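Order-wise, the sequence lines are chains A and B. When we follow the UniProt record's numbering, the leftmost residue of the first sequence carries the number 1, and every step to the right adds one. When we follow the UniProt record's numbering, the leftmost residue of the second sequence carries the number 1, and every step to the right adds one. Note that beta-carbon positions come from the ideal geometry of N, C-alpha and C, so glycine has one too. Since the model is a prediction, treat every value here as computed from it, not as a measurement.
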Amino acid sequence: MRNERSSEDVALGIRRRVFEHAMRNNGGYLSQACSAGEQLAWLYNEELNLGPPTLPPIPEPFGGVPSAGNPGYHTGAGYNGPAEPGYDRLFIAPAHYALVAYATLIEVGRMAPEGLDMFNKDGSSVEMIGAEHSPGMEVHNGTLGIGLSTAAGLAWGRTRKGEPGRTWVFMSDGEVQEGQTWEAVQACAHHGIDNLYAIMDVNAQQCDGAMDSVMEVGDIRQKFLTFGAACVEIDGHDLGAMRDAVREPHEGRPLIILAHTSPFHTMSILQERFPRLHYVRFKSEDERARMNASIAADLGVEPINYTH
Amino acid sequence: MVEMVNRPYASAFEKFAAGNPDILCLSADLTSSCEIDGFRDRHPDQFVSLGMAEQNMMSFAGGLGLAGFRPFIHTFGVFMYRRPYDQLMASIAYPRRKVRLMGFLPGVTTPGGMTHQSIEDISVMRSIPNMTILETGDATEVESICEAADTIDGPVWCRVLRGSVPRLFDTPIRVGEMRELADGDDILVVTSGICTEEALRARSALKKAGLSIRHLHLHTIKPFDHGALLDHIGSVRHGVITLENHVTEGGVGSLVAETMADAGVGKRLVRLGLRDTYAHGGSRAYLMRYYGLDALALVRGIEDLVGQSFGIGEDDLDAARVDAVHSLVKAEAL
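Below is the structure:
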């Protein structure tokens with residue numbers, strides 16, 4: 001299922017889908033598609049070793065939460081293929097990127113386009129903040145900062161069991177404000193966990209606005225190095241840089257790739273909304289129409305007819 | 001004289017876990033304080049030190065559970081739910097990971113004061129979907145809690161006693177059941193944990209006073225057999241009294257109250273425990289007296305329940321054990 005299309009093409013497809021969805025729904029997580037498009041495209045289209053999906057292309061409705069009385073419960077991890085020893089696993093640590101992650105699943109043929117129509121609809125498993133049962137998700141990460149720790153535990157366990165598959169985490173830079181992130185890196189270094197990989201979307205944005213205005217985090221790379229991870233900084237829109245970064249030696253340490261990105265990459269009109277880009281809801285019909293025309297031109301598609 | 005067992009958890013955990021590759025022993029810098037130092041030294045491959053970093057430890061344990069392991073987390077109970085509550089919820093309870101949360105120093109069993117005393121943990125755990133709650137009240141229960149907890153398909157919160165622990169029972173914990181320690185028909189006394197020993201101290205004095213006591217000891221708090229409790233309540237004349245090493249809100253007292261209210265039982269209930277208060281640092285005996293968790297407090301509660309004074313004083317109660325604050329069976333005085 002890999003490399004049928006270029007990752008550039010997949011990234012463009014992700015952005016087109018998120019754009020269309022945002023236009024039709026009067027807003028959405030547009031800037032996350034701008035910043036993370038290449039990273040998710042690269043992971044799913046090139047880097048991850050995943051088996052074929054085990055869940056139906058059109059997502060099943062919400063099937064209840066885990067409980068003793070719900071024996072049929074399953075997570076959405078089946079869209080990433082089976083949890084077999086040789087395959088990689090991926091956690092989307094900032095579950096707010098779910099819309100972008102779902103668009104990625106569609107672009108790489110793991111979910112049907114109809115899945116995105118179920119986004120944030122009552123009774124749907126395709127939830128706004130990716131839940132365990134949402135397509136492509138395996139654990140709850142809506143509470144930011146817990147993803148890397150969970151992945152560290154899974155990675156340690158897989159090494160103990162002799163499984164060759166890697167554990168990957170897609171992270172966001174806001175998570176470095178959480179102390180738990182540093183606890184996780186510290187534990188990885190102490191236990192020599194090196195089958196753990198993270199790529200972090202360093203877009204310098206968070207809910208309240210630009211990170212520097214909310215809580216300065218300083219030199220993230222230096223912090224990761226000091227806490228005991230291997231860490232590489234790249235241009236997060238450069239697929240070649242990702243291919244190089246993952247080859248960084250990191251024996252006995254996890255590898256963290258800091259992907260520096262622009263929150264309005266390929267959608268230049270979003271600069272108007274800086275620094276409040278976390279969730280772009282159009283403020284007027286005029287703004288919606290202008291963004292529709294501008295972004296459609298940027299992405300090389302016709303403006304979306306969202307009137308019906 | 002009651003038999004005292006030294007460090008029953010240390011030997012019980014090692015006997016249960018050693019050599020089982022699916023079981024991991026997690027610790028957060030309280031290894032000797034939780035009596036797993038010997039296990040660490042003899043079974044280093046099954047021991048995972050996660051340091052003083054409980055938030056990571058909880059999510060890490062969730063990841064280990066996802067990988068197919070059954071982690072036993074060892075630390076003081078307070079440190080497993082107050083700071084890392086979010087991680088407990090998202091990484092362990094929601095996905096029903098088979099993580100066994102071995103919480104030491106329940107309630108006032110430590111002179112460590114507010115920061116070390118888990119006084120509201122049962123209330124918290126009862127409100128968490130998917131959580132099972134077990135509490136030990138003697139050495140036999142401590143010796144059997146690992147096996148009992150490990151039968152559960154999901155997370156388990158355990159209140160574990162350490163150090164020198166009395167042996168009161170001769171049968172292991174059977175999850176979901178309750179122990180009937182006396183079958184009288186005047187008053188139903190419901191106790192758990194260290195409070196059961198206190199109730200036993202009052203037994204002969206109450207008998208002398210002519211009271212027929214029915215006494216239940218709870219080692220399983222969730223899931224709970226409401227029908228069995230209601231049968232016992234139906235067997236007594238006056239009413240019910242609960243005594244717990246916990247705040248009276250949300251713990252065993254609340255559990256009994258809810259059971260009675262749901263069934264429309266019109267009998268009186270007296271709930272003893274910490275009454276909307278924190279405790280402070282002191283010896284167990286001092287704290288149990290000061291906060292009304294001991295045998296004498298139970299007698300006064302029963303007097304309140306039946307509206308009659310029996311003239312029972314401290315001298316009429318069976319002797320209390322006095323634990324040494326500094327003792328070779330504890331890693332530090334905490």
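9 Å Cβ cut-off: residues of chain B touching residue i
{"i": "A:GLN186", "result": "GLY51, ALA53 and ASN56"}
{"i": "A:VAL10", "result": "Near A:VAL10 there are no residues of chain B at all, since even the closest Cβ is about 28 Å away, more than 9 Å."}
{"i": "A:VAL169", "result": "Residues of chain B passing the Cβ test: none, with the nearest at roughly 11 Å."}
Per-residue burial, residue i [other beta carbons within 10 Å of its own, 16 or more giving buried]
{"i": "A:ALA297", "result": "exposed"}
{"i": "B:GLY307", "result": "exposed"}
{"i": "B:GLY311", "result": "exposed"}
{"i": "A:PRO249", "result": "exposed"}
{"i": "A:GLY157", "result": "buried"}
{"i": "A:GLY76", "result": "buried"}
{"i": "A:ASN305", "result": "exposed"}
{"i": "A:GLN222", "result": "exposed"}
{"i": "B:ARG42", "result": "exposed"}
{"i": "A:MET1", "result": "Per-residue confidence for A:MET1 stands at a pLDDT of 47, beneath the threshold of 50, marking its modelled position as unreliable; the derived number appears in the next sentence. Answer is exposed; the Cβ neighbour count stays below 16."}
{"i": "residue 350 of chain B", "result": "Because chain B here runs from 1 to 334, residue 350 of chain B falls outside it and cannot be looked at."}
{"i": "A:HIS96", "result": "buried"}
{"i": "A:PHE274", "result": "exposed"}
{"i": "A:ASP122", "result": "exposed"}
{"i": "B:MET52", "result": "exposed"}
{"i": "A:ARG110", "result": "buried"}
{"i": "A:ARG253", "result": "buried"}
{"i": "A:CYS188", "result": "buried"}
{"i": "B:PRO44", "result": "exposed"}
{"i": "A:GLY300", "result": "exposed"}
Expected contact under 8 Å - CB spacing of residue i and residue j to nearest Å
{"i": "B:GLY113", "j": "B:GLY281", "result": "4 Å"}
{"i": "B:LEU305", "j": "B:VAL256", "result": "Rounded, the Cβ-Cβ distance is 13 Å, inconsistent with contact."}
{"i": "A:GLY193", "j": "A:ALA155", "result": "Inspection of the sequence shows that residue 193 of chain A is occupied by Ile rather than by Gly. At roughly 5 Å, the Cβ-Cβ gap stays under 8 Å, so A:ILE193 and A:ALA155 are in contact."}
{"i": "B:LEU317", "j": "B:ARG201", "result": "5 Å"}
{"i": "A:LEU239", "j": "A:SER35", "result": "14 Å between Cβ atoms; not a contact."}
{"i": "A:GLU183", "j": "B:ASN56", "result": "3 Å"}
{"i": "A:THR54", "j": "A:GLY78", "result": "4 Å"}
{"i": "B:GLU141", "j": "B:MET288", "result": "About 19 Å; that fails the 8 Å criterion."}
Cα-Cα separation between residue i and residue j, rounded to whole angstroms
{"i": "B:VAL247", "j": "B:ILE119", "result": "6 Å"}
{"i": "A:PRO181", "j": "A:GLY145", "result": "It should be noted that the sequence gives Thr, not Pro, for residue 181 of chain A. Near 6 Å, if we compare the C-alpha coordinates of A:GLY145 and A:THR181."}
{"i": "A:SER213", "j": "B:SER254", "result": "47 Å"}
{"i": "B:ARG237", "j": "B:ASP138", "result": "29 Å"}
{"i": "A:VAL108", "j": "A:VAL246", "result": "21 Å"}
{"i": "A:GLY64", "j": "B:ARG96", "result": "14 Å"}
{"i": "A:SER124", "j": "A:LEU99", "result": "14 Å"}
{"i": "residue 338 of chain B", "j": "A:ASP219", "result": "The requested residue 338 of chain B is not part of the displayed model; chain B covers only 1 to 334."}
{"i": "B:ALA67", "j": "B:ARG162", "result": "30 Å"}
{"i": "B:SER327", "j": "B:ARG321", "result": "14 Å"}
{"i": "A:TYR29", "j": "B:PRO129", "result": "31 Å"}
{"i": "B:THR110", "j": "B:LEU30", "result": "14 Å"}
{"i": "B:LEU26", "j": "B:LEU230", "result": "39 Å"}
{"i": "B:ALA295", "j": "B:ARG203", "result": "9 Å"}
{"i": "B:GLY264", "j": "B:PRO71", "result": "41 Å"}
{"i": "B:PRO21", "j": "B:GLY65", "result": "13 Å"}
{"i": "A:PRO85", "j": "B:GLY250", "result": "43 Å"}
{"i": "B:HIS226", "j": "A:GLY51", "result": "47 Å"}
Chain-ordered chain A contacts of residue i [CB-CB under 8 Å]
{"i": "B:GLY68", "result": "GLY157 and LYS161"}
{"i": "B:PRO129", "result": "VAL65 and SER67"}
{"i": "B:LEU64", "result": "GLY153, LEU154, TRP156 and GLY157"}
{"i": "B:GLY154", "result": "ALA68"}
{"i": "B:ASP323", "result": "Those do not exist, as B:ASP323 stays about 35 Å from chain A at its closest Cβ, beyond 8 Å."}
{"i": "B:SER27", "result": "Within chain A, no residue comes near B:SER27; the closest Cβ sits about 13 Å away, beyond 8 Å."}
{"i": "B:PHE60", "result": "SER149, THR150, ALA152, GLY153, TRP156, ALA184 and ALA187"}
Neighbour flag for residue i against chain D, beta carbons, 9 Å
{"i": "A:GLN206", "result": "In the displayed structure, chain D is absent; the protein chains listed are A and B."}
Under 8 Å by beta carbon: chain B residues contacting residue i
{"i": "A:GLU132", "result": "TYR94 and PRO95"}
{"i": "A:ALA297", "result": "Chain B residues near A:ALA297: none, gap ~41 Å exceeds 8 Å."}
{"i": "A:GLY179", "result": "GLN55"}
Contacts of residue i in chain B (Cβ-Cβ under 7 Å)
{"i": "A:THR54", "result": "Those within 7 Å of A:THR54 in chain B number zero; the least Cβ separation is about 16 Å."}
{"i": "A:HIS96", "result": "What A:HIS96 touches in chain B: nothing, since even the nearest Cβ is about 15 Å away."}
{"i": "A:ILE146", "result": "SER59, GLN87, ALA90 and SER91"}
The ligand ZN heavy atom lying under 8 Å from the CB of residue i
{"i": "B:ARG42", "result": "No copy of the ligand ZN appears in this structure; indeed no ligand is present at all."}
For this session: Examine the Cβ distances between the region 144-157 of chain B and the region 97-108 of chain B and report whether three or more of them are shorter than 8 Å.
Result: Three or more beta-carbon pairs drawn from the region 144-157 of chain B and the region 97-108 of chain B are found closer than 8 Å, and the two stretches are therefore classed as touching.
Exercise. Touching or not, the region 104-117 of chain A and the region 137-151 of chain A, by the rule of three or more beta carbon pairs under 8 Å?
Worked result: Between the region 104-117 of chain A and the region 137-151 of chain A there are fewer than three C-beta pairs closer than 8 Å, too few to call the two in contact.
For this session: Count the C-beta pairs between the region 184-199 of chain B and the region 143-153 of chain B that are closer than 8 Å, then say yes if the count reaches three, no if not.
Result: With contact defined as three or more Cβ pairs closer than 8 Å, the region 184-199 of chain B and the region 143-153 of chain B are not in contact.
Exercise. Can at least three beta-carbon pairs, one atom from the region 171-191 of chain B and one from the region 210-223 of chain B, be found at a separation below 8 Å?
Worked result: Taking a contact to require three or more Cβ pairs closer than 8 Å, the region 171-191 of chain B and the region 210-223 of chain B qualify as touching.
Problem set entry | contact_flag[the region 284-296 of chain A, the region 122-135 of chain B] where n(CB pairs < 8 Å) is 3 or more | No: fewer than three Cβ pairs fall under 8 Å.
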